[in-house]
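In the working numbering, the protein residues as written are 927 to 1243.
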């Protein structure tokens, strides 16, 4: 058993942000640990979503199967959570700056914070805001949405979570990984986490940029020769930027990314594209598209396709 660091009699695992990602993984873990004598899961949610979770629980829908779960605590006040042992951050990257100061009452010297944002810059943002605690880099592979208050649905056939460090893994990381696996979550705990994070970023950045640029779903993106050609150019560029950062992949990474997209339902799309379609004032454009442009410029790696997407979408963001 991992020693307690929280202010409760149990190991306390918190999920901040109960949308698709936090709702799915937090819900799966909360369901598994509902009667556990030594570990509990708590949610930080807001609005109608919080209201429904408190009244009737969180409904997690995965491959047609429904799981209704009740966390040990659901609140919109971080101070009510107390010092937690593990904190999964599953808000969008553009919400990090606003939520991090509010989360400080939950974070003690031994708290581990795991960001699950799509971009590569989230870990640095979190570390810059914290005065104590440890940050492990993390991320998630899933197409999940909060389809209505209190209901989270996995819309694809993929669900996976990863976290870790660059270097030897602490015992706590392996313990947490085993706990998540026992809950039916596909998890990877890595001592080469930068490479794992770049692998995920390449997938998400190129597909989100292309679907947002063309305002289309994955099926049309892959089925239209012109649109697929832009996707392939974006993949070439972001892989080149990764190489410029010292991250080397197998030769088949480009075909592997496209193969993964082909496994998704044709009417699915990236979360950034969903935000554009919903007319949201904030999107992940800077994190997923602008980041590649800036890194390319810094490294001297040409990124004309990314710049083309960035310039068009910036006018509508």
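Ideal Cβ placement from N, Cα and C applies to all residues, glycine included.
- Sorting 1148, 981, 1003 by C-alpha distance to the C-alpha of residue 1187 places 1148 at the top.
- In the DSSP assignment, the residues bridged to residue 1092 are 1118.
- Considering only 1015, 1078, 1031, 1066, the residue with the shortest C-alpha distance to residue 1052 is 1015.
- Distance from the CA atom of residue 973 to the CA atom of residue 945, rounded to whole angstroms, is 12 angstroms.
- Closest option to residue 1235, judged by alpha-carbon separation, among 964, 1143, 1157, 1150: 1157.
- About 6 angstroms separates the CB atoms of residue 1117 and residue 1093; that is less than 8 angstroms, so the two are in contact.
- If you draw a straight line from the Cα of residue 987 to the Cα of residue 1072, it is about 10 angstroms long.
- Nearest C-alpha to residue 1203 among 1174, 1143, 1166: 1143.
- Within the region 933-1007, the complete alpha helix (DSSP H) segments at least 4 residues long are 946-958, 973-982, listed from N- to C-terminus.
- Runs of the alpha helix (DSSP H) lying entirely within the region 1166-1211 and spanning at least 4 residues, in chain order: 1179-1188, 1197-1203.
- Distance from the CA atom of residue 957 to the CA atom of residue 1197, rounded to whole angstroms, is 26 angstroms.
- Where residue 1144 is concerned, the enclosing alpha helix (DSSP H) starts and stops at 1144-1149.
- In this structure, the alpha-carbon of residue 1086 lies about 10 angstroms from that of residue 1107.
- Beta bridge pairing from DSSP links residue 1060 with 1038.
- For residue 1232, the enclosing alpha helix (DSSP H) begins and ends at 1230-1240.
- Note on residue 938: 16 or more other CB atoms within 10 angstroms of its CB, so buried under the neighbour-count rule.
- Under a 10 Å Cβ-count criterion, residue 935 is classified as exposed, with fewer than 16 other Cβ atoms of the shown protein chains found around its own Cβ.
- In this structure, residue 998 keeps its C-beta atom at 7 angstroms or more from the C-beta atom of residue 971.
- Taking residue 1121 as the centre and dropping the five residues before and after it, the same chain places the C-beta of 1173 closer than 7 angstroms to its C-beta, in chain order.
- Shown here, residue 1085 sits in a strand according to DSSP, grouped into three states.
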